[in-house]
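Here's the structure we're looking at; comments come further down.
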Amino acid sequence: MSQPETHGFQTEVKELLQLMIHSLYSNPEIFLRELVSNASDACDKLRFEAISDEALYEGDESLRIRVEFDENAKTVTISDNGIGMNRDEVIQNIGTIARSGTKAFVQKLGQDQSKDLQQIGQFGVGFYSAFIVAKEVVLTTRRAGTGKEHGIRWTSQGEGEYTLETVDVSERGTKIVLHLRDDHQDFANDWRLRSVIRKYSDHITFPVEMLKPQTPPAPDSDNEETVIDAPVWERVNDAQALWARPKSEISDEEYTEFYKHVGHDWEAPLAWSHNKVEGKTEYTSLLYLPARAPFDLWDRESKQGVKLYVKRVFIMDDAEKLMPRYLRFVRGVIDSADLPLNVSREILQSNRILDTIRQGSVKRVLGMLEQMATNDAEKYAKFWSTFGQVLKEGVGEDFGNREQIAGLLRFASTQGGNDTQNVSLGDAIGRMQEGQDEIYYIIADSYAAAMASPHLEIFRKKGIEVLLLWDRIDEWLMSQLTEFSGKKLKSGTRAELSLDESTEAETPEAKETQDALVDRLKKALSDQVDDVRVSKRLVDSPACLVTTEEEMSLHLQRLLKEAGQQAPVVKPILEINPVHRLLQRAAAEQDEARFEDVARVLLGQAMLAEGGHLSDAADFVTRLNRLLA
1 MSQPETHGFQ TEVKELLQLM IHSLYSNPEI FLRELVSNAS DACDKLRFEA ISDEALYEGD
61 ESLRIRVEFD ENAKTVTISD NGIGMNRDEV IQNIGTIARS GTKAFVQKLG QDQSKDLQQI
121 GQFGVGFYSA FIVAKEVVLT TRRAGTGKEH GIRWTSQGEG EYTLETVDVS ERGTKIVLHL
181 RDDHQDFAND WRLRSVIRKY SDHITFPVEM LKPQTPPAPD SDNEETVIDA PVWERVNDAQ
241 ALWARPKSEI SDEEYTEFYK HVGHDWEAPL AWSHNKVEGK TEYTSLLYLP ARAPFDLWDR
301 ESKQGVKLYV KRVFIMDDAE KLMPRYLRFV RGVIDSADLP LNVSREILQS NRILDTIRQG
361 SVKRVLGMLE QMATNDAEKY AKFWSTFGQV LKEGVGEDFG NREQIAGLLR FASTQGGNDT
421 QNVSLGDAIG RMQEGQDEIY YIIADSYAAA MASPHLEIFR KKGIEVLLLW DRIDEWLMSQ
481 LTEFSGKKLK SGTRAELSLD ESTEAETPEA KETQDALVDR LKKALSDQVD DVRVSKRLVD
541 SPACLVTTEE EMSLHLQRLL KEAGQQAPVV KPILEINPVH RLLQRAAAEQ DEARFEDVAR
601 VLLGQAMLAE GGHLSDAADF VTRLNRLLA
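In this text, residue positions in the sequence shown follow the UniProt record's numbering: the first is 1, and each later residue adds one.
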């Protein structure tokens with residue numbers, strides 16, 4: 001046994017513990033669910049590793065989880081004979097939270113205490129829930145396959161520090177002793193613990209055992225000495241793989257509790273799909289759509305997702321071949337009857353059976369979303385607000401399902417009256433005007449910027465609906481989605497726009513004046529614009545900027561620059577409304593220096609209306625002041 005070493009928690013862990021202990025949970029009993037769930041994962045991992053190394057069982061292949069209590073000492077103990085941990089794993093898994101975005105997440109938690117209960121469900125730090133009920137936690141563990149002298153004891157009161165020491169541990173696995181707080185000593189009770197286990201952990205596939213209650217000891221009839229029965233362990237939970245049971249025998253409450261286990265979430269899921277597929281490929285899937293996004297949703301390297309089982313034997317978490325990245329929010333299990341038990345990640349990369357399972361599972365998820373969108377618009381709106389931007393990635397990543405994914409997209413529009421994204425492409429097609437062949441859209445920095453865009457003026461005049469987009473992914477999305485249901489999608493900010501509207505002069509004299517104005521503007525702005533032309537889209541504004549179909553949009557150029565990436569230099573086209581009073585005054589201006597001021601201010605205004613930034617703001621202000629003076 002070594003001398004205890006004292007270590008400090010990672011700063012984020014310290015803050016998280018304080019939130020959990022003091023403000024997070026209104027239902028403290030979930031600590032038991034989380035610790036039993038972690039114990040189940042440890043048993044799963046041992047069973048998988050033992051497929052290639054049976055020695056890890058150390059002569060005991062019976063995997064189980066045990067829960068004990070001591071009413072006098074006011075303790076609750078949760079133990080398992082799963083994979084266990086070595087010293088480095090204890091430090092990595094318990095002393096720190098090695099997950100990207102942790103600090104920002106914890107800071108967000110602290111800013112709004114009223115949302116703490118919901119927010120914590122995004123994180124998945126089940127072990128730390130022990131401190132909700134415990135004033136001190138003692139964890140003792142030894143990794144399977146190591147000698148008894150390699151045991152590790154971890155102790156903490158959840159106040160910023162923990163101690164580590166090397167101890168002898170005869171049995172593999174992990175034991176956690178909780179020294180209960182004064183206000184949670186009711187958990188040191190047989191009935192209380194059993195009811196919580198049955199409520200939350202009935203679906204755990206390993207036995208969760210407790211000591212059978214002792215009957216009062218009776219004196220021996222011959223020698224009148226007290227006879228005490230040997231302790232007997234009995235299973236408390238059902239210990240069946242929930243997904244392997246018939247759907248008709250599973251209640252909604254059981255489905256929900258299993259989701260909370262497999263998804264490490266506190267909140268009930270939005271929907272689920274449970275199916276058994278038979279034929280050339282046999283597998284069972286139980287897939288869930290969460291109601292709330294995990295905090296690391298945008299971390300494409302995060303290790304969460306669908307668990308793979310083979311004949312009810314856990315194989316691996318987050319088997320990336322089971323679900324594409326644009327569906328990384330899906331949780332659940334897939335159990336195959338055809339894959340070998342010794343399957344590896346390398347084998348999975350080129351396995352036809354897994355390809356078939358993946359295709360079927362993706363179709364199942366998309367079908368679940370379509371059903372939700374059709375039958376429960378309110379629930380789908382909640383899904384879209386949480387995961388819509390992730391689903392958009394599928395348009396470019398999953399060509400085979402592109403049309404189906406596109407049908408699930410939702411947008412705001414000029415007919416919506418607010419920024420609610422509830423218009424589908426099918427809705428837009430259904431509201432097309434007679435003779436309209438294209439679905440129009442505009443991408444801006446925000447809903448307000450899109451609604452204020454001068455590009456909308458001709459559409460408003462003609463009563464044509466325009467979809468409004470402002471998510472950062474939307475430029476990429478629309479570069480991939482050029483057609484839906486036989487209709488082209490067209491940007492309202494592109495130069496090639498024909499709506500049978502013209503502001504060109506009606507008389508030869510006026511036409512000559514217009515042409516002269518265009519030529520003067522081209523000359524004055526030759527270093528800034530690619531061309532100047534009379535607009536067919538402007539009604540109230542004097543000018544706007546457009547680009548051709550082949551060139552990068554101005555909005556995308558700005559996004560790239562803001563992200564520190566190099567964007568190609570693309571000169572825009574300046575479109576003018578020659579009947580606007582400002583342009584008519586410009587046409588009448590005889591002083592060329594003053595005309596150039598007008599031209600530069602006109603261009604600057606058009607750039608600002610696009611949400612862009614002026615390359616020389618001081619020059620713009622100087623010219624504007626000269627005109628005003």
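Glycine included, C-beta positions come from ideal geometry on N, C-alpha and C.
Put simply, the backbone Cα of Phe484 is about 55 Å away from that of Thr174.
Judged by DSSP in its simplified three-state form, Val621 adopts helix.
Here Val569 is exposed. Its C-beta has fewer than 16 other C-beta atoms within 10 Å. Counting only runs of 3 or more residues that sit fully inside the segment 509-577, the beta strand (DSSP E) segments are 531-534, 543-546, 573-576, in chain order. Beta-bridge analysis with DSSP links Met372 to no other residue. Taking the CA atoms as reference points, Gln480 sits about 20 Å from Trp384. DSSP places Phe206 in the coil class of the three-state scheme, outside both helix and strand. Counting only runs of at least 4 residues, the UniProt domain "Histidine kinase/HSP90-like ATPase" (27-184) fully encloses the following alpha helix (DSSP H) elements, listed from N- to C-terminal order: 30-49, 87-90, 102-111, 116-120.
With at least 16 other beta carbons inside 10 angstroms of its own, Thr141 counts as buried.
Going by beta carbons, Arg64 and Pro207 fall inside the 8 Å limit. For Gly332, the enclosing beta strand (DSSP E) has its first and last residue at 331-336. Judged by DSSP secondary structure, Met451 falls within the alpha helix (DSSP H) whose first and last residues are 447-451.
With fewer than 16 neighbouring CB atoms inside 10 Å of its own CB, Arg581 falls in the exposed class. The criterion of a C-beta distance shorter than 8 Å is not satisfied by Val390 and Phe295.
Straight across, the Cα-Cα distance linking Thr256 with Ala268 is about 6 Å. In the three-state reduction of the DSSP assignment, Val365 falls in the helix class, which pools H, G and I. Here DSSP, grouped into helix, strand and coil, assigns Ala588 to helix. Contact between Thr414 and His455 is absent: CB atoms are separated by about 11 Å, not below the 8 Å threshold. Sequence-distant partners of Ala188 (beyond 5 residues in either direction) whose C-beta falls short of 7 Å from its own C-beta, in its chain, are Phe69, Asp70, Glu71, Lys74, Thr75, Val76, Leu180. For Ile439, the pairing in a beta bridge is given by DSSP as Leu489. A check of alpha carbon separations from Val621 across Arg600, Gly611, Ala609 identifies Arg600 as the nearest.
Residues Leu211 of the same chain have their beta carbon placed closer than 6 Å to that of Pro231, with the five preceding and five following residues left out of the count.
When the Cα atoms are used, Gln565 and Gln557 turn out to be separated by approximately 9 Å.
Between the beta-carbon of Asp474 and that of Ile443 there is about 5 Å, and that keeps the pair under the 8 Å contact cut. When the Cα atoms are used, Ser170 and Val67 turn out to be separated by approximately 19 Å.
Your pair Val546 and Glu575 checks out as a contact, with CB atoms roughly 6 Å apart and the cut at 8 Å. The segment 245-265 and the segment 331-338 touch, with three or more beta-carbon pairs separated by less than 8 Å. Taking the Cα positions, Lys522 is about 12 Å away from Gln514.
In this structure, the CA atom of Phe399 is about 12 Å from the CA atom of Pro324. Taking the Cα of Cys43 as reference, the smallest distance to any Cα among Ser156, Arg192, Thr205, Lys135 is reached at Thr205. In this structure the segment 234-241 does not touch the segment 271-283; the number of beta carbon pairs closer than 8 Å is below three. Contact holds between the segment 143-152 and the segment 47-59, because three or more Cβ pairs, one in each stretch, are under 8 Å apart. Counting other Cβ atoms within 10 Å of its Cβ, Trp243 reaches 16 or more and is therefore classed as buried. Per the coordinates, the alpha-carbon of Leu559 lies some 33 Å from the alpha-carbon of Gln433.
Assignment of Val236 by DSSP, reduced to helix, strand and coil, places it in the coil class. In the three-state DSSP reduction, Arg494 falls in the strand class (E or B).
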